[in-house]
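In what follows, a single structure is set out as structure tokens and then discussed.
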Amino acid sequence: MKLKEWLNSEVPNIASELIDVHNNYFSIEKSIGFEGQETIYKILQNFRSALFPCLCDKYSSDETKINISIGNNLRKSSIDLSELIEKVLANESSLNEADSKRKAEEIVISLIKKFPEIRRMLQTDIQAAYNGDPATTSTEEILYSYPSIQAISIHRIAHELYNLNVPIIPRIMNEYAHRLTGIDIHPGASIGEYFFIDHGTGVVIGETCTIGKNVKIYQGVTLGAKSFPLDEHGNPIKGIKRHPNIEDNVVIYAGATILGGDTTIGKNSVIGGNIWLTQSVPENSRVYNSQPLPNIK
Amino acid sequence: MKLKEWLNSEVPNIASELIDVHNNYFSIEKSIGFEGQETIYKILQNFRSALFPCLCDKYSSDETKINISIGNNLRKSSIDLSELIEKVLANESSLNEADSKRKAEEIVISLIKKFPEIRRMLQTDIQAAYNGDPATTSTEEILYSYPSIQAISIHRIAHELYNLNVPIIPRIMNEYAHRLTGIDIHPGASIGEYFFIDHGTGVVIGETCTIGKNVKIYQGVTLGAKSFPLDEHGNPIKGIKRHPNIEDNVVIYAGATILGGDTTIGKNSVIGGNIWLTQSVPENSRVYNSQPLPNIK
Amino acid sequence: MKLKEWLNSEVPNIASELIDVHNNYFSIEKSIGFEGQETIYKILQNFRSALFPCLCDKYSSDETKINISIGNNLRKSSIDLSELIEKVLANESSLNEADSKRKAEEIVISLIKKFPEIRRMLQTDIQAAYNGDPATTSTEEILYSYPSIQAISIHRIAHELYNLNVPIIPRIMNEYAHRLTGIDIHPGASIGEYFFIDHGTGVVIGETCTIGKNVKIYQGVTLGAKSFPLDEHGNPIKGIKRHPNIEDNVVIYAGATILGGDTTIGKNSVIGGNIWLTQSVPENSRVYNSQPLPNIK
Numbered sequence: 001m002k003l004k005e006w007l008n009s010e011v012p013n014i015a016s017e018l019i020d021v022h023n024n025y026f027s028i029e030k031s032i033g034f035e036g037q038e039t040i041y042k043i044l045q046n047f048r049s050a051l052f053p054c055l056c057d058k059y060s061s062d063e064t065k066i067n068i069s070i071g072n073n074l075r076k077s078s079i080d081l082s083e084l085i086e087k088v089l090a091n092e093s094s095l096n097e098a099d100s101k102r103k104a105e106e107i108v109i110s111l112i113k114k115f116p117e118i119r120r121m122l123q124t125d126i127q128a129a130y131n132g133d134p135a136t137t138s139t140e141e142i143l144y145s146y147p148s149i150q151a152i153s154i155h156r157i158a159h160e161l162y163n164l165n166v167p168i169i170p171r172i173m174n175e176y177a178h179r180l181t182g183i184d185i186h187p188g189a190s191i192g193e194y195f196f197i198d199h200g201t202g203v204v205i206g207e208t209c210t211i212g213k214n215v216k217i218y219q220g221v222t223l224g225a226k227s228f229p230l231d232e233h234g235n236p237i238k239g240i241k242r243h244p245n246i247e248d249n250v251v252i253y254a255g256a257t258i259l260g261g262d263t264t265i266g267k268n269s270v271i272g273g274n275i276w277l278t279q280s281v282p283e284n285s286r287v288y289n290s291q292p293l294p295n296i297k
Numbered sequence: 001m002k003l004k005e006w007l008n009s010e011v012p013n014i015a016s017e018l019i020d021v022h023n024n025y026f027s028i029e030k031s032i033g034f035e036g037q038e039t040i041y042k043i044l045q046n047f048r049s050a051l052f053p054c055l056c057d058k059y060s061s062d063e064t065k066i067n068i069s070i071g072n073n074l075r076k077s078s079i080d081l082s083e084l085i086e087k088v089l090a091n092e093s094s095l096n097e098a099d100s101k102r103k104a105e106e107i108v109i110s111l112i113k114k115f116p117e118i119r120r121m122l123q124t125d126i127q128a129a130y131n132g133d134p135a136t137t138s139t140e141e142i143l144y145s146y147p148s149i150q151a152i153s154i155h156r157i158a159h160e161l162y163n164l165n166v167p168i169i170p171r172i173m174n175e176y177a178h179r180l181t182g183i184d185i186h187p188g189a190s191i192g193e194y195f196f197i198d199h200g201t202g203v204v205i206g207e208t209c210t211i212g213k214n215v216k217i218y219q220g221v222t223l224g225a226k227s228f229p230l231d232e233h234g235n236p237i238k239g240i241k242r243h244p245n246i247e248d249n250v251v252i253y254a255g256a257t258i259l260g261g262d263t264t265i266g267k268n269s270v271i272g273g274n275i276w277l278t279q280s281v282p283e284n285s286r287v288y289n290s291q292p293l294p295n296i297k
Numbered sequence: 001m002k003l004k005e006w007l008n009s010e011v012p013n014i015a016s017e018l019i020d021v022h023n024n025y026f027s028i029e030k031s032i033g034f035e036g037q038e039t040i041y042k043i044l045q046n047f048r049s050a051l052f053p054c055l056c057d058k059y060s061s062d063e064t065k066i067n068i069s070i071g072n073n074l075r076k077s078s079i080d081l082s083e084l085i086e087k088v089l090a091n092e093s094s095l096n097e098a099d100s101k102r103k104a105e106e107i108v109i110s111l112i113k114k115f116p117e118i119r120r121m122l123q124t125d126i127q128a129a130y131n132g133d134p135a136t137t138s139t140e141e142i143l144y145s146y147p148s149i150q151a152i153s154i155h156r157i158a159h160e161l162y163n164l165n166v167p168i169i170p171r172i173m174n175e176y177a178h179r180l181t182g183i184d185i186h187p188g189a190s191i192g193e194y195f196f197i198d199h200g201t202g203v204v205i206g207e208t209c210t211i212g213k214n215v216k217i218y219q220g221v222t223l224g225a226k227s228f229p230l231d232e233h234g235n236p237i238k239g240i241k242r243h244p245n246i247e248d249n250v251v252i253y254a255g256a257t258i259l260g261g262d263t264t265i266g267k268n269s270v271i272g273g274n275i276w277l278t279q280s281v282p283e284n285s286r287v288y289n290s291q292p293l294p295n296i297k
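Residue numbers (full-length UniProt numbering), protein chains in the order written: chain V, 1 to 297; chain P, 1 to 297; chain S, 1 to 297.
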């Protein structure tokens, strides 16, 4: 059979060429791989079950047994996460093997200790969704069907790891949230309590964004960067404040684009849909595009 | 080993604290859980296979066997759905166990009876996609690669359950469609035949929207609410008409935002891309933003 | 039990009615089915592992074994793809069974031969992401967490199959990318090297688009069609140039909508966010919306 014969004779050469190209740019041994990526997704699913326990078929109604089940879940996920952090630390820093392992374990302990606090914070986000959407009838509906809750749950975990200087993994976590929800939050973004994103698809929140308390954002809103400075090699300079500050009680409607590290939206402001804004506005502002005049055919 | 020891000693306390926080807000016993959510996704996949049967490897080419296969699929999914509806009815209403069960079974029977009608309706949507997109070359391509068809298939099922006053589950269904397609339709929205959403990512269609026949919508279109009234406790008042009416034969281009329960887009109108509109326009309107003038560097 | 009895007596009739409706429009025997769709997704996952090999648990660190593993992956996927192409060719063209098989095998061989070239092209896209985003700290982070790379990896494969006149399958491939990333690229679009889409959700790139080298696009950008001509039966005329040309070194910011087959964005131009543009702009243009004036409450 023609195809099979061709594959048998040619595929080894093509595989060699693919390995050679890849090896020019990436270390095959050191990469966490798509397998590591899948492990991170699995860890996040387990963390979600631990943060929002429910009486599933596999649990009995006995609270002791639920505790044991959550505990097993957290223990397994913590060890998996520690091993991945150890790997990326060893790859990206000057730490030796023992130090990478020790630091990875400390990071995971710091994270898990924060879980009850993260859970309380997430309850303010669930409450904000209830307050902010007339279409919902219960907080249980919000827990199971609001992408905002899924995105912010993952963000509040990834943000802790970002603050603990873990490379790569926080971004993979938030990109998983992005895939599930269409909401793209950089793990570096700092977000206050009672945060709600309605619908959410297309929302982008940049790395150096700061968002106050009780902020509501609609689908398609970008809190992004203006053009950024390059170094002498033409590479973008990392680590500069590039994204806006959103103060308390601000509402931003669908499709607004707000850019720049020196752009501040003053508290209690309302930004209308489809606005393009690259400068600050004071407290209590109302910013709307004018209404177009229809032509009748 | 440090991490493992810490996990063994501390995780039971953290698990207890997580259960306590959660129990303040949600009933662990009554929740359908993320497991129930996954069951709903599975039911929708099975309904899709029943609505669009094809000769897969597991079927023989014998139509009797296809019938048996669809039948088994529908029976299993119907019983699973009935059990979930029974659970949410018992949780959210004053029905006793026997009444919840009886009502859940009646609801599922009503839904399944409508399947042939839903299937015929979906064929008008497939035809609308064929008529509305010069890039497609066959209706089979549409069936397998148009997110619009997947979203509207799920919506037409969820809308029946919404009309039968099923709590929570219709929203979980449409949020599944949202995850798969980026198209966020509230199950309450009423949508006529020959409906087509091209590309679809970022489309939002609110709960009290009414959409006529032969309407075409592009990616990023919002049919949403203006600010909504609050009750004496500061909670949004539920059940008010908040979203626009789109009449027959309207086309709405990418990124337009149309808001408000008293906003009506008259029949045969065309709304241009990136329009922000919070008032009605009459029949046969053409509404476009003006073209910007480029500066040459 | 009421529901079970009803299902047993009524479901066979409903299944028959569903089969009848479906048979009016689709051939059950000939369709690749949702099973074929899932096979295509699996093939793309395997191709991704072959293009970006990494030292996963299942590989030893021995390069010979990695080569064997990639080879097995490519061989299996190639045969699966060939069988699907054979099926769609037999359904959609006048080829007999033997010719469909022969042509399908030739197509797969052409595709696999191009893999090293595709891999090198993708490295320019990874480099463009690194150059274009100050938030990233390594190319490994890009590989595992940038939806742009996933979308363009699938597009560069699907575009080869589109150019080889494979029906249906290239669209299913790009729709899979769309589902994973929110980026909707038609397999017909022609895209130069060093291409980067930041964030990506809501991007739409139409079938007859041509994009030069070193182009950067942000989330929510549409490169779409204006209204299109209909034939004497009211069907859209297929195969006309409908989508814009984007020349080298152009940057297009979030939410811009650019439409029309005779619209060209001249090289080195910058198009601002939320712009609605249906006409050409010359080289070196800067096109921005004016800033709105805020009202203070």
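Even for Gly, the Cβ is constructed at its ideal location relative to N, Cα and C. The structure displayed is predicted, hence computed values, not measured ones.
Status (buried if at least 16 other CB within 10 Å, exposed otherwise) for residue i
i: P/Asp133; result: buried
i: S/Ser285; result: buried
i: S/Pro170; result: buried
i: V/Thr257; result: buried
i: P/Ala98; result: exposed
i: S/Arg179; result: buried
Closest by C-alpha distance to residue i, when choosing among the options
i: V/Glu283; options: V/Tyr41, V/Ser290 and V/Thr264; result: V/Thr264
i: P/Ile185; options: P/Pro229, P/Asn163, P/Pro167 and P/Thr208; result: P/Thr208
i: S/Glu106; options: S/Glu35, S/Leu164 and S/Glu175; result: S/Leu164
i: S/Arg156; options: S/Ser94, S/Glu17, S/Gly260 and S/Leu44; result: S/Leu44
i: P/Ile152; options: P/Leu95, P/Ser94 and P/Lys216; result: P/Lys216
i: S/Ile191; options: S/Ala15, S/Thr139, S/Arg179 and S/Asn249; result: S/Asn249
i: P/Gly239; options: P/Glu247, P/Leu230 and P/Ile246; result: P/Leu230
i: P/Gln150; options: P/His199, P/Ser269, P/Asn131 and P/Ala135; result: P/His199
i: residue 300 of chain V; options: V/Pro292, V/Ala254 and V/Ile85; result: No information on residue 300 of chain V is available, as it lies outside the stretch 1 to 297 that chain V covers here.
Nearest-angstrom beta carbon gap, residue j and residue i [assumed within contact, 8 Å]
i: P/Pro187; j: S/Val21; result: Their Cβ separation, rounded to whole angstroms, is 23 Å, which puts P/Pro187 and S/Val21 out of contact at 8 Å.
i: V/Pro147; j: V/Thr181; result: 4 Å
i: V/Ala90; j: V/Ser100; result: 4 Å
i: V/Glu232; j: V/Lys213; result: 41 Å between Cβ atoms; not a contact.
i: V/Ile19; j: S/Asn67; result: 6 Å
i: V/Phe196; j: V/Ala129; result: 5 Å
i: P/Glu35; j: S/Phe26; result: The pair is not a contact, with the Cβ atoms about 34 Å apart (cut-off 8 Å).
i: S/Arg75; j: V/Leu7; result: 5 Å
Cβ-based neighbour list, residue i, same chain, cut-off 6 Å, excluding 5 preceding and 5 following
i: P/Tyr288; result: Gly272
i: V/Pro167; result: Val88 and Glu92
Where residue i falls: helix, strand or coil (DSSP)
i: V/Ile237; result: coil
i: P/Leu180; result: helix
i: V/Asp248; result: coil
i: P/Ser280; result: coil
i: V/Gly224; result: strand
i: S/Tyr59; result: Here the model assigns S/Tyr59 a pLDDT of 46, short of 50, so the residue's position is not dependable, and the following value carries that caveat. Coil.
i: V/Leu7; result: helix
i: V/Phe115; result: helix
i: S/Thr210; result: strand
i: S/Asp198; result: strand
i: S/Asn295; result: strand
CB contact check: residue i to chain C, cutoff 8 Å
i: S/Asp133; result: Absent here is chain C; the protein component of the structure consists of chains V, P and S.
Own chain, CB closer than 8 Å to residue i, minus 5 neighbours either side, in chain order
i: S/Lys114; result: Glu160
i: S/Tyr176; result: Ile40, Tyr41, Leu44 and Ile154
Beta-carbon proximity list for residue i, same chain, < 7 Å, skipping 5 on both sides
i: P/Ser78; result: Val108 and Ile112
i: S/His243; result: Gly206, Glu207, Thr208, Cys209, Leu223, Gly224, Ala225 and Gly261
i: S/Ile32; result: Leu84, Lys87 and Val88
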